[in-house]
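Residue 269 in the numbering used here sits at position 135 of the sequence shown; the count goes up by one each step and never skips. Using N, Cα and C, we set each Cβ at its ideal position, and we do this for glycine too. Here the structure is laid out as structure tokens; the discussion comes afterwards.
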Amino acid sequence: MPETHDVPVADGESVVAVHHRPDSSATASDRTDHGATDAWFVCCHGFLSDKSGSYERRCRRAAAEGYEAVRFDFRGCGDADGSFADATLGNRIADLEAVLEYFDPPSTVLFGSSFGGKVAFHAALDREDVAAIVARAPVTYARAFDNYRATVHREGECRFDEGRSIDGRFFEDLDSYAFENVVNALSVPVLIVHGREDGSVAIEDSFEAARRLETDVLLRAVPGEGHRFSSVAEDRLLESTVDWLARLDV
Numbered sequence: 135m136p137e138t139h140d141v142p143v144a145d146g147e148s149v150v151a152v153h154h155r156p157d158s159s160a161t162a163s164d165r166t167d168h169g170a171t172d173a174w175f176v177c178c179h180g181f182l183s184d185k186s187g188s189y190e191r192r193c194r195r196a197a198a199e200g201y202e203a204v205r206f207d208f209r210g211c212g213d214a215d216g217s218f219a220d221a222t223l224g225n226r227i228a229d230l231e232a233v234l235e236y237f238d239p240p241s242t243v244l245f246g247s248s249f250g251g252k253v254a255f256h257a258a259l260d261r262e263d264v265a266a267i268v269a270r271a272p273v274t275y276a277r278a279f280d281n282y283r284a285t286v287h288r289e290g291e292c293r294f295d296e297g298r299s300i301d302g303r304f305f306e307d308l309d310s311y312a313f314e315n316v317v318n319a320l321s322v323p324v325l326i327v328h329g330r331e332d333g334s335v336a337i338e339d340s341f342e343a344a345r346r347l348e349t350d351v352l353l354r355a356v357p358g359e360g361h362r363f364s365s366v367a368e369d370r371l372l373e374s375t376v377d378w379l380a381r382l383d384v
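Pasting the structure below:
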């Protein structure tokens with residue numbers, strides 16, 4: 135059974151993480167043939183989402199492949215402490231680092247979806263334990279949030295459902311994390327999977343990122359899929375992920 139952990143973060147707050155242990159009961163047909171691994175599979179959710187839903191499915195599959203898998207809520211999201219207005223990129227990176235320090239994996243595959251992809255890219259720059267990054271429809275360049283920025287400039291804040299909002303502090307922080315830093319310093323292999331019909335994060339940003347990154351990059355463009363993947367596309371994402379990691383022997 136998955137185990138729930140309260141992970142201390144900054145300012146006396148905590149985030150909630152769910153740990154899926156490797157599934158020893160899975161049949162051989164459930165796994166690829168890459169054998170045992172000591173790597174952990176850690177999921178970073180998107181801007182307005184949380185650790186539930188598709189992240190549970192992803193962690194179950196990772197555990198079936200022999201990985202220790204973790205999904206967690208960033209502060210201000212899901213079951214975590216804190217305010218969404220304070221869930222800047224910098225604070226999300228700090229939350230991810232706290233989760234990694236808490237579990238202390240010897241090697242980590244970071245899976246980031248949408249804004250969680252940007253968290254993973256920037257967090258990996260300062261960590262030697264990150265072995266690979268899988269990014270689904272990742273935010274790379276800050277221009278993906280230009281509509282939100284325009285609303286904040288015009289109205290002082292941008293409001294979302296459930297009373298959540300961001301203000302100028304979010305963009306002041308975001309602008310301090312240029313993707314150019316990732317381009318210049320990232321050294322681990324990257325898998326990017328992006329829907330061709332994505333109306334939230336332009337697939338052209340992923341094309342540009344893949345072209346400019348100096349590390350090994352595999353980009354899969356998924357026909358007919360938007361920012362949220364269908365169940366079929368999600369299955370293919372997971373297959374692509376485990377096959378790619380098997381080839382890397384991670």
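| Check | Outcome |
| --- | --- |
| Residues bridged to Leu352 [DSSP beta-bridge criterion] | Leu325 |
| For Ser248, the residue or residues it bridges with in DSSP | Answer is none; Ser248 lacks a bridge partner. |
| Pick from Glu262, Glu137, Ala355 and Glu147 that is closest to Ile337, judged by C-alpha positions | Ala355 |
| Thr375 in three-state terms, based on DSSP | helix |
| Distance CB(Phe218)-CB(Lys185) smaller than 8 Å | no |
| Three-state class that DSSP yields for Asp215 in the structure shown | coil |
| In DSSP terms, what Glu137 is bridged to | His153 |
| Cβ-based neighbour list, Thr161, same chain, cut-off 6 Å, excluding 5 preceding and 5 following | Confidence at Thr161 is low in this model, with a pLDDT of 42, below 50, so its placement is unreliable and the value that follows should be read with caution. None. |
| Coarse secondary structure for Thr285, derived from DSSP in three states | helix |
| Rounded separation between Ser334 and Arg270 - CA only | 13 Å |
| Helix, strand or coil at Val243 according to DSSP, with G and I counted as helix | strand |
| Residues that DSSP places opposite Glu202 in a beta bridge | Trp174 |
| Terminal residues of the beta strand (DSSP E) in which Ser186 lies | Premise fails: Ser186 is in no beta strand (DSSP E) and is neither H nor E. |
| Contact set for Arg165: own chain, Cβ-Cβ below 6 Å, skip 5 residues either direction | Its pLDDT being 49, under 50, Arg165 is placed unreliably by the model, and the measurement read from it follows with that caveat. Hits under 6 Å: Glu199. |
| Inter-residue Cα distance where the pair is Val243 and Lys252 | 14 Å |
| Coil, strand or helix - Ala312 by DSSP | coil |
| beta-carbon Ser248 near the ligand FAD non-hydrogen atom, thresh 7 Å | The model depicted lacks the ligand FAD and carries no ligand whatsoever. |
| For Met135 and Ala284, the rounded distance between their alpha carbons | 45 Å |
| Status (buried if at least 16 other CB within 10 Å, exposed otherwise) for His287 | exposed |
| Sequence-distant residues of the same chain with beta carbon closer than 8 Å to Arg261, five excluded per side | Glu231, Leu234 and Thr242 |
| Span separating the alpha-carbon of Thr375 from that of Glu359 | 17 Å |
| C-beta contact flag for Tyr201 and Pro156 at 8 Å | yes |
| Proximity below 8 Å, CB of Phe249 to CB of Gly180 | yes |
| Cβ-Cβ distance between Ser188 and Glu368 below 8 Å | yes |
| Residues of its chain near Leu308, where Cβ-Cβ distance is below 6 Å and the 5 sequence neighbours each way are ignored | Leu223 and Ala276 |
| For Arg345 and Asp263, the rounded distance between their alpha carbons | 25 Å |
| 8 Å Cβ cutoff met for Ala203 and Cys211 | no |
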